[in-house]
Structures are given as C-alpha cells and as structure tokens.
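Asks: Those sequence lines, one after another, are chains A and B. The numbering of the first sequence is the numbering used here, which starts it at 1 and goes up by one. The numbering of the second sequence is the numbering used here, which starts it at 1001 and goes up by one.
Protein chains: 2
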Amino acid sequence: MKKLDDYMPFILKLENIVRIENNRILIGDRRAYPASKEFVECSSVEEAAAAIESMVTQGGGPLWVALHAVKFLAVQADARKTEKIPEIFISAKKRLQQTRPTNTTMARKLEELTNLIITEINNGNKISLEKIVGDYIDEQRSSYEKSAFAMAETGAALINNGDGILTMCFAETTFILTIALALEQGKNIKIFSPETRPYLQGARLTAPSLMEIGADVTLITDGMGAYVMSEGKIQKYMTAVDIITADGWAANKIGTFQNAISANYHGIPYFPLAIDPDLSRKGRSSIVIEERNPEEVKYIKGILITREDMKAYYPAFDIIPPHLIAGVITPKGLLSPYGIEKAYSEDK
Amino acid sequence: MKKLDDYMPFILKLENIVRIENNRILIGDRRAYPASKEFVECSSVEEAAAAIESMVTQGGGPLWVALHAVKFLAVQADARKTEKIPEIFISAKKRLQQTRPTNTTMARKLEELTNLIITEINNGNKISLEKIVGDYIDEQRSSYEKSAFAMAETGAALINNGDGILTMCFAETTFILTIALALEQGKNIKIFSPETRPYLQGARLTAPSLMEIGADVTLITDGMGAYVMSEGKIQKYMTAVDIITADGWAANKIGTFQNAISANYHGIPYFPLAIDPDLSRKGRSSIVIEERNPEEVKYIKGILITREDMKAYYPAFDIIPPHLIAGVITPKGLLSPYGIEKAYSEDK
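1) Please tell me whether I1085(B) and L1073(B) are closer than 8 Å, where the distance is taken between their beta carbons.
2) Which of the three DSSP states, helix, strand or coil, is assigned to F1170(B)?
3) Would you mind stating whether P1244(B) and T1174(B) have Cβ atoms separated by less than 8 Å?
4) Using a Cβ-Cβ cutoff of less than 6 Å, which residues in the same chain neighbour G327(A) once the five nearest sequence positions on both sides are dropped?
5) How long is the line joining the alpha carbons of S1193(B) and R1141(B), rounded to whole angstroms?
6) Closer than 7 Å to a non-hydrogen atom of the ligand FAD - does that hold for the CB of P1321(B)?
7) Residues bridged to M238(A) by DSSP?
8) What residues in its chain sit with their C-beta under 8 Å from that of D1278(B), if we drop five residues either side in the sequence?
9) What is the residue span of the beta strand (DSSP E) that V217(A) lies within?
10) Within 8 Å (strictly less), CB to CB, does T10(A) reach chain B?
11) Checking the sheet assignment: what are the DSSP bridge partners for I1165(B)?
12) The alpha helix (DSSP H) that contains N259(A), what's its start and end?
13) So the alpha helix (DSSP H) R1141(B) belongs to, where does it begin and stop?
14) Spell out a yes or no on whether the segment 120-131 of chain A and the segment 194-209 of chain A are touching, meaning 3 or more CB-CB pairs, one atom from each, closer than 8 Å.
15) Check distances from the C-beta atoms of the segment 265-284 of chain A to those of chain B and list, in chain order, the residues that come in under 8 Å.
16) Below 8 Å on C-beta distance, what does A226(A) contact in chain B?
17) Which residues share a DSSP beta bridge with R1100(B)?
18) Determine the DSSP secondary structure at R307(A), reduced to helix, strand or coil.
19) Any Cβ of chain B within less than 8 Å of the Cβ of P315(A)?
20) Under a three-way DSSP split, which group does V1040(B) fall into?
21) Just curious, the alpha helix (DSSP H) that R1048(B) is in, first and last residue?
22) Does DSSP put G1339(B) in a helix, a strand or coil?
23) For Q1097(B) and A1107(B), what's the separation of their Cα atoms in angstroms?
24) Against chain A, does T1362(B) count as a neighbour if the rule is that its beta carbon must be under 8 Å from one of theirs?
25) What in chain A is Cβ-close to V1297(B), meaning under 8 Å?
26) Identify the contact partners of P322(A) in chain B, using a Cβ-Cβ distance below 9 Å as the criterion.
27) Flag M1310(B) as yes if its beta-carbon sits less than 8 Å from any beta-carbon of chain A, otherwise no.
28) Going along the chain, which residues of the segment 31-61 of chain A sit with their C-beta nearer than 7 Å to a C-beta in chain B?
29) Does chain B have any CB closer than 8 Å to the CB of S286(A)?
30) Kindly give me the distance between the Cβ atoms of I165(A) and K236(A), rounded to whole angstroms, as I take these residues to be in contact under 8 Å.
31) So what's N1122(B) in DSSP terms, helix, strand or just coil?
32) Are any of the Cβ atoms in chain B nearer than 8 Å to that of I300(A)?
33) Just mark K1301(B) as buried or exposed, buried being the case when its beta carbon has 16 or more other beta carbons within 10 Å.
34) Check whether the Cβ atoms of C1042(B) and A1035(B) lie closer than 8 Å to each other.
35) Is DSSP giving N23(A) helix, strand or coil here?
36) In the DSSP output, which residue or residues are listed as bridge partners for K1350(B)?
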C-alpha cells in the first residue's frame, strides 16, 4: 500500500521538510522553491528556531522541524550524559514555541514531548532520549498520516469528474493528497491557484506542487477568483485553515474570505480542510489576526512596487464565518461547521 | 477658479500625459512612475502608436496621445504643402485606432477629427490644419473638464466625513478629482488602494497619485478588500469603468467584480464612475473580455515568481452586473444602472 510520502511532491515529503544528517538539522528551504531545492543546515536548537522565524519553512513545516530539533538535542544529551538535565529541554521547548505564537498544535506537541523526556530523565533514564523522541515523532507521523488519508478520502469523494477547483494559499499535505486521490480515481479535474500576495505561496508552492503530482493547475492573480467562477470554471472551493473554532469560524491566509463570499454568490460550496479543530475557541472574537510588517506589501521579491514612503497594511489572515462554509473536511469526515463541537466532544 | 489640472497629480496633468515640444511628441511614461518621471520622445505617428501599444500610457492617456499625434502630423503637413493629402491622415487614424481595439471613445474621436481635416483639405484648406486639430483638442478638453467636474461633484457629495473608500486599479482623473473635491470640502477620508496585479496600477499609479494630492491612502494587496470591509473600514466602493452598457453592466479591471460582491455582502454601496456610457451595448454578452498574455501573471517586474513552465491565465477585465451597482456617477449625475439608457436617450 502506498504511504503518504509516495503521493507527496518534493517539498512535502518529510525528509525534505526536515531531517537529521551528519549531526546537522537540514530544513527544506521553501523560500528558494521552485527556483531551486535547497536546505538550510542548523547545528543547534537556536539556529533551527531562527530558521523557522525567517520563514525557511511554514504552514505544517514548523511542527516537524521543532520535533526534530528536540531529537537533535536528545542525541547530543545521550552522547554527553552529564548534561542530561530537564532545564535544557524546557528552554528548548520555550524557544521553539516562541517561533510561531499562533501555532497551538506545535505548542501542545512540544509540551507533550518535553514532559515525556523529563519523566524519563527523572526516572533514571533507562532508554536513550533519542529513542524516546524518535518513537514520539514516529507515532505523531503515523497518526498524522492516518488523519491525512481520512481527510483526503472525504475530500476526493466530494470532487466530481470534470470539476474545477479553486484553492487559496498553500493548503499543503491534506489538499495535495485530496487531489492525488481524486486523480487516482480517474477524475478529470482542473485546479486554479491564486498567487497569494504578498508572500506568493500560491505561485511558489501550491501551483508547482500540484504540477509535480501531475494535476492540471492554472496560476491566477488574487483578483481573478470571482471571474473564473463567473465563467463556470469552478465547482468547488477548497483551502486549508489555520484555525477552525468549535462553532465553525475559520481563519486562513488573507484572500480566503473574499473567495468564500464570491463562491457563496455563485452557489459554489466552500470546503475547508481542518486537521485539528480548536475546541478552546468560540466565535469570531476568539481569533486574533496577526498584522505583519506592511513593508512586505510594498516589495515583491525585494523590488519596490510603489513609493518608498507609501503607507501599507498587511493583515496576514482572513476570518470566514460558518454560514459561508458548506462543510468542514476533518479526520472525522465531513462536518457541518455548526456541528464541530458536538462531533469532537463525543470522543471524550 | 481652479482648473482641472490644478487638482491633478503629476501624471494626470495634460502636459505630462502628452505634449508637443521641439518637434517631438513627448509622452509621460507611466511604466517608470513613481520611481521616476520620464517621457518617451516620438518623432512620428508610428512611434507614438508603438508607445501606446507598449503601455507607455494607458487608461485615459491613449486618447490624448492619439489626438496629439494627429496634431503633430498636421504641423508637418502645414509645413510641406504638397503632402497635404487625405490618405496620410486616414492611415494615421487607422494605425492609432489599432493600438487599443476596445477603446471605442478614442476610435470615435479620431474618426471625427479625421473627417474635419479631410473636409478642410477638400475645401481648399484656408486655415492651417494645426489650428483645426488644436481647436478640436481644446474643445474636447474643455468638454472633458466639464464632465469631470460634474462627475466629481456628484462623487464628492456621496462621500461623508469619516468615510473609508475602497477603489480598484487606476480610476484616474474623475476619481482623483472626486477625492480632491471631498478633501476641499473638509471631509476626513481614508482610501484603500489594492495593488492591482499583474500590472500593479494601484501600487504604481493610484496610491502615489492620491498621496500626491494629500489624501490619506493605504496600499493593500488584491486579496484584502473583503477583510478591510469586515473591519468596518470601508463605507463606499468607487472605481472607474472601461465600459458601462445601456442596461448597466460594467467592465473594469480584473479584481473589480470580487470587491463588488464583497461590498454587496457587507452592505457597502458600489459607485462606478462612467464618463461615457456605451449605448450601443446591452447585457453581459455585449462585453468581450480581452485575454492578455498569461506570461504576465508569472512575472512581477521581470522576476519569475513560479515555475517557468507553469500554465497561467490572464483575463484582463471583470464584468459587474447592474444589481451589484448602487449608482453610476455620470456627467448627468448619479444614475441608477437600470436608468442609463433612458437618461441618455432623452438627449437626442
């Protein structure tokens, strides 16, 4: 049976997101892609944290990089027994959590892993810390793979032969896998990928990734979504989400909201992919939108596109209300945005 | 009393759109703005036509450049009496009309002017052709100024103190004058200008022009319109239109439609500025959307932003249905999009 990475394009295979090699943490550099396939080499947790902060990796990448940075530290600690003290792991955890304050999944997993390590140290450390961390990563990966396949099967089933699909930003593994499974099912589909200014994730990551897995993808600008809908070229709108609240409010890259409004206007269903609903949040006001440096709007790949003294504004994310969402694709199947809390609380 | 050009920023003053100086046609180079204020020098109608084609000027620019190119030819013809034959003006007219096949206003004015010249030549040419053309341009400019002030007064009256205004692409003279008059009326307003990919007219022309006239303008990307609306920052949406049909369908730069849908969703009125409704057109199907070279989507200022072999799509304009239009700002005042034909046919 094919595994997740067998379906993935270059930048989404785990070994190209992050791996430990020759006593270095190698992080796939998404800033250089698709022009070149480069890795940033780090020889400390601090260097890995700085790489995450400078956007070497993004989206789902930081979680795997952070876990591997802890593994790197565990290998070092195993080699120099005297330094195997909890404080080192606690400060590494804090430093890594700091890199993406809004990534609550990464924060939670780092907490969990650090607790496992400290418990092992306090219990006399009978097995190597490398194994503790390695097993934890394997377990996380295996559970992630299971969730991704469950979601992609739900997503692929929603896609009909002949469909046109609009996406936004870089929906990563679960969206790419959805498309890969739909193609495997012999469905003829066309995908439209907006470039996603200012950071161009659509042009640099989404469209090349889809092309690499053999999908028919067309690059458009962020202003063209409604136009391609009006031409009848779009039947489904699918994106990832950074957050989905217990009551179905979604946050995703800026530009997602206007396409959701346009999809609704044209009678096109919007299906966000949410691997990990955040039950601790409820309502629009529970989502705080990060404002990034407005200078980024004024430059494209280092080139000034307006007056140097121009005022600009860069809200990084959009908030989409539940009434614009037709269904949320989760590891538990397709849920109504109004039914998330119930579906997840039944687990407990 | 202040004239139109007293209100205009550098690139929209007539002498910086086009002028004849030292036996050359000088065309303001909008491609270089705002980085520098340059002029392209032309010494023939062919060179001026090629300059229009290579986007040295755009929007309202080509009309004035074309009329001045005919004036340039008239001056030459006056100097060399033997060559004063109709064929030269007919072929110049055809060449200039060719530069913008969808600019029906320019085509009509060139037709009108050429007929005046030919009539004068056929009647024995008692007055200089330079004067014929010069008078025609003055007359056009004066009627244009009158229309622009009428529209801007209507537009400024729609703006309330404290309003936030979203625009799209470069709405040029009539929009800039609307804002200038609103500012003169002491209204405190904030304008948001999307960058307008792929050609960046918003970043390069709109935002710098507004800044130059002292307006409070903020540059955003094309994906941010709905977000700033949801924040309550926008009370009016105003753009130019390339075409408005007799029954209220509008065509304007790609990206205009999705903002119109988002404005409607948020209860924000959309007021397009239309100096010259096209009564010969009716309905959506009467508007043919130009598809430009998709390579332009893949490059920003000459820099590749995706894979070189990526497929892209570049519909240059959007079509906006009348039910998304709150009122059309015309030289005849604010018209319902459903009342254009009647308002204009009453003239005849």
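Where a beta carbon is used, it is the ideal one built from N, C-alpha and C, also for glycine.
Replies: According to the structure data:
1) Locating residue 1085(B) in the second sequence gives position 85, counting from the first residue. Locating residue 1073(B) in the second sequence gives position 73, counting from the first residue. No, the pair does not count as a contact, with Cβ atoms beyond the cut-off.
2) Mapped onto the second sequence, residue 1170(B) falls at position 170. Reduced to three states, the DSSP call for F1170(B) is coil.
3) Looking up residue 1244(B) in the second sequence gives position 244. Looking up residue 1174(B) in the second sequence gives position 174. The sequence shown places Ile at residue 1244(B), rather than the Pro named in the question. Taking 8 Å as the cut-off, the Cβ atoms of I1244(B) and T1174(B) do not count as close.
4) Taking the first sequence and counting its residues from 1, the one referred to as residue 327(A) is at position 327. Counting only Cβ-Cβ distances below 6 Å, and skipping sequence neighbours, we find F271 and L334.
5) Position 193 of the second sequence, counted from the start, is the residue given in the question as residue 1193(B). Position 141 of the second sequence, counted from the start, is the residue given in the question as residue 1141(B). Roughly 28 Å between the two C-alpha positions.
6) This structure lacks the ligand FAD; in fact it carries no ligand of any kind.
7) Taking the first sequence and counting its residues from 1, one reaches residue 238(A) at position 238. Per DSSP, F271(A).
8) Residue 1278(B) sits at position 278 when you count from the first residue of the second sequence. Once the five neighbours on either side are set aside, the close Cβ partners of D1278(B) are T1104, I1243, I1244, T1245 and A1246.
9) As a first step, residue 217(A) is located in the first sequence; it is residue number 217 there, counting from the start. For V217(A), the uninterrupted beta strand (DSSP E) run begins and ends at D216 to I220, by DSSP.
10) The residue labelled residue 10(A) in the question sits at position 10 within the first sequence. The question names Thr, yet the displayed sequence has Phe at residue 10(A). So, not an interface residue.
11) For the purposes of this step, residue 1165(B) is taken as the residue at position 165 of the second sequence. Answer is I1191(B) and K1236(B), bridged to I1165(B).
12) Start at 1 with the first residue of the first sequence, and residue 259(A) comes out as number 259. Start and end: T256 to Y265.
13) Reading the second sequence from its first residue, position 141 is the one you call residue 1141(B). Element bounds for R1141(B): L1129 to L1158.
14) no
15) Y265
16) Along the first sequence, one-based indexing puts residue 226(A) at 226. The answer, in chain order, is F1257, Q1258, I1261 and D1318.
17) On the second sequence, position 100 is the one that residue 1100(B) refers to. In DSSP, R1100(B) forms no bridge with anything.
18) Counted from its first residue, the first sequence places residue 307(A) at position 307. It is coil, neither helix nor strand.
19) Counting from 1 along the first sequence, the entry for residue 315(A) is found at position 315. It does; some Cβ of chain B falls within 8 Å.
20) Taking the first residue of the second sequence as position 1, residue 1040(B) is located at position 40. If DSSP states are grouped into helix, strand and coil, V1040(B) belongs with the strands.
21) For the purposes of this step, residue 1048(B) is identified with residue 48 of the second sequence, where counting begins at 1. It should be noted that the sequence gives Ala, not Arg, for residue 1048(B). Per DSSP, A1048(B) belongs to the alpha helix (DSSP H) from V1045 to E1053.
22) The residue labelled residue 1339(B) in the question sits at position 339 within the second sequence. Helix at G1339(B).
23) One-based indexing of the second sequence puts residue 1097(B) at position 97. One-based indexing of the second sequence puts residue 1107(B) at position 107. Taking the Cα positions, Q1097(B) is about 5 Å away from A1107(B).
24) Nothing can be reported for residue 1362(B), as the shown portion of chain B is limited to 1001 through 1348.
25) Looking up residue 1297(B) in the second sequence gives position 297. The answer, in chain order, is E195, L219, I220 and T221.
26) Translated into the one-based positions of the first sequence, residue 322(A) becomes position 322. In chain order: nothing, as chain B lies at least about 14 Å away.
27) Here residue 1310(B) refers to the residue found at position 310 of the second sequence. It does: the Cβ of M1310(B) has a partner Cβ on chain A nearer than 8 Å.
28) P34
29) In the first sequence, the residue the question calls residue 286(A) occupies position 286. Judged by the 8 Å Cβ criterion, S286(A) is not in contact with chain B.
30) Numbered from its first residue, the first sequence carries residue 165(A) at position 165. Numbered from its first residue, the first sequence carries residue 236(A) at position 236. Contact flag correct, Cβ pair sits at about 5 Å.
31) Locating residue 1122(B) in the second sequence gives position 122, counting from the first residue. Correct three-state label for N1122(B): helix.
32) Here residue 300(A) refers to the residue found at position 300 of the first sequence. At least one chain B Cβ lies under 8 Å of I300(A).
33) Within the second sequence, residue 1301(B) is the residue found at index 301, counting from 1. Exposed is the call here.
34) What you label residue 1042(B) is simply residue 42 of the second sequence in a count that begins at 1. What you label residue 1035(B) is simply residue 35 of the second sequence in a count that begins at 1. No, they are not a contact pair.
35) By 1-based counting over the first sequence, the position of residue 23(A) is 23. The answer is coil: DSSP assigns N23(A) none of H, G, I, E or B.
36) Lying outside 1001 to 1348, the shown extent of chain B, residue 1350(B) is not represented and no answer is given.
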